[in-house]
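Chemist: Protein sequence lines correspond, in order, to chains A and B.
238 is the number of the first residue of the first sequence in the numbering used here; add one for each residue after it.
238 is the number of the first residue of the second sequence in the numbering used here; add one for each residue after it.
There are 2 protein chains.
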Amino acid sequence: MEFKEILRELVERVDGARAAILMGYDGIAIDEYRKEGVDTDIQLIGIEYSSVLKEMKRASEILEAGEVAEVSIVTGKGMVVVRGVTDEYFIMVSLTVEGNLGKARYLMKTASPKLKELL
Amino acid sequence: MEFKEILRELVERVDGARAAILMGYDGIAIDEYRKEGVDTDIQLIGIEYSSVLKEMKRASEILEAGEVAEVSIVTGKGMVVVRGVTDEYFIMVSLTVEGNLGKARYLMKTASPKLKELL
């Protein structure tokens, strides 16, 4: 299975999911999938949040809270779920405000080791 | 109802919840509640993540994603849910890795307007 196929499944199987991306913490994307008719700029979202994620990793280290596995952000206009795949890469899914956050979290948890194998 | 009573309810009604805090984005706490026998330093967690939250607000502004309403962070050793109460204050709940994240999110959503009224 290819990167894009895994990202496609994440988007198509979750109600309200708009787009998914596999990206490095340096802001460089490996692959992305966008639902038809959706104009979400998932690359831009990934780039903006990747620096926040790095800050979060740093805070968790200071707190000795262990590795950051997952972060969910709910804003006025949508939701974003991020899950670490390796030390260098993460996946991110963008959803509408009514999207199924729980299912996105669940499917990303199962997709993460599959992506790790491919990297 | 007082601040501490609302925080106490958040902790006692959620499986796996350890502590809750009402804090300013400047890192200064108004009140906190810790489950008996728990040694979680919720003040320190709040202070460390408050700077990350400010970064996240900034990223969301750039993305025109609307106000950051809620952030959940899952690490190797636990979970943290943060919800904005006003522009200046947020509530944060710390949970064990097996904690009920969904219930914490739900109760924080209902507690937020109550806390806002008291502020």
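We put the beta carbon where it would ideally sit given N, CA and C, even for glycine.
#1: What number of angstroms, rounded off, separates the C-alpha of K314 (chain A) from the C-alpha of E354 (chain A)?
#2: Under 8 Å by Cβ, that's how I've got L259 (chain A) and Y343 (chain A) pegged, so tell me the actual separation to the nearest angstrom.
#3: Using a Cβ-Cβ cut-off of less than 7 Å, give me the residues of the region 292-324 of chain B that come near chain A, in sequence order.
#4: Note down, in chain order, every chain B residue with its Cβ under 7 Å from the Cβ of V289 (chain A).
#5: Just the Cα atoms here: how many angstroms apart are G303 (chain B) and D324 (chain B)?
#6: L332 (chain B) and M316 (chain B) - do their beta-carbons sit closer together than 8 Å?
#7: On a CA-only basis, which of A:R245, A:V311, A:V305, A:L281 is nearest I265 (chain A)? Give me that one, please.
#8: Taking only beta-carbon positions, decide if I265 (chain A) is within less than 8 Å of chain B.
#9: Tell me the rounded alpha-carbon separation between E307 (chain A) and D276 (chain B).
#10: Against chain A, with Cβ distances strictly below 8 Å, would G336 (chain B) count as a contact?
#11: Give, in chain order, every unbroken run of the beta strand (DSSP E) that is at least 3 residues long and sits entirely within the region 275-342 of chain A.
#12: With a threshold of 8 Å between beta carbons, is L344 (chain B) in contact with chain A?
Modeler: This is what the structure gives:
#1: Here residue 314 (chain A) corresponds to residue number 77 of the first sequence, with the count starting at 1. Here residue 354 (chain A) corresponds to residue number 117 of the first sequence, with the count starting at 1. C-alpha separation (whole angstroms): 34 Å.
#2: Within the first sequence, numbered from 1, the residue matching residue 259 (chain A) stands at position 22. Within the first sequence, numbered from 1, the residue matching residue 343 (chain A) stands at position 106. The Cβ separation is near 18 Å, so there is no contact.
#3: Those would be E292, M293, A296, S297, I299, L300, A302, G303, E304, V305, A306, E307, V308, S309, I310, V311, T312, G313, K314, G315, in chain order.
#4: For this step, residue 289 (chain A) is matched to residue 52 along the first sequence. Neighbours of V289 (chain A) on chain B, chain order: V289, E292, M293, A296.
#5: For the purposes of this step, residue 303 (chain B) is taken as residue 66 along the second sequence, with counting starting at 1. For the purposes of this step, residue 324 (chain B) is taken as residue 87 along the second sequence, with counting starting at 1. Their Cα atoms are separated by approximately 13 Å.
#6: Here residue 316 (chain B) refers to the residue found at position 79 when the second sequence is read from its first residue. Here residue 332 (chain B) refers to the residue found at position 95 when the second sequence is read from its first residue. Yes, the pair counts as a contact, with Cβ atoms nearer than the cut-off.
#7: Against the first sequence, residue 265 (chain A) aligns to sequence position 28. The candidate whose alpha carbon is nearest that of I265 (chain A) is A:L281.
#8: Here residue 265 (chain A) refers to the residue found at position 28 when the first sequence is read from its first residue. Chain B, which has no Cβ nearer than 8 Å to the Cβ of I265 (chain A), makes this no.
#9: By one-based count along the first sequence, residue 307 (chain A) stands at place 70. By one-based count along the second sequence, residue 276 (chain B) stands at place 39. Rounded to whole angstroms, E307 (chain A) to D276 (chain B) spans 24 Å at the Cα level.
#10: Position 99 of the second sequence, counted from the first residue, corresponds to residue 336 (chain B). Interface criterion not met: the Cβ of G336 (chain B) is under 8 Å from no Cβ in chain A.
#11: Those beta strand (DSSP E) runs which fall completely within the region 275-342 of chain A and span 3+ residues are 305-312, 315-321, 326-332.
#12: Start at 1 with the first residue of the second sequence, and residue 344 (chain B) comes out as number 107. No - not a single Cβ of chain A is within 8 Å of the one on L344 (chain B).
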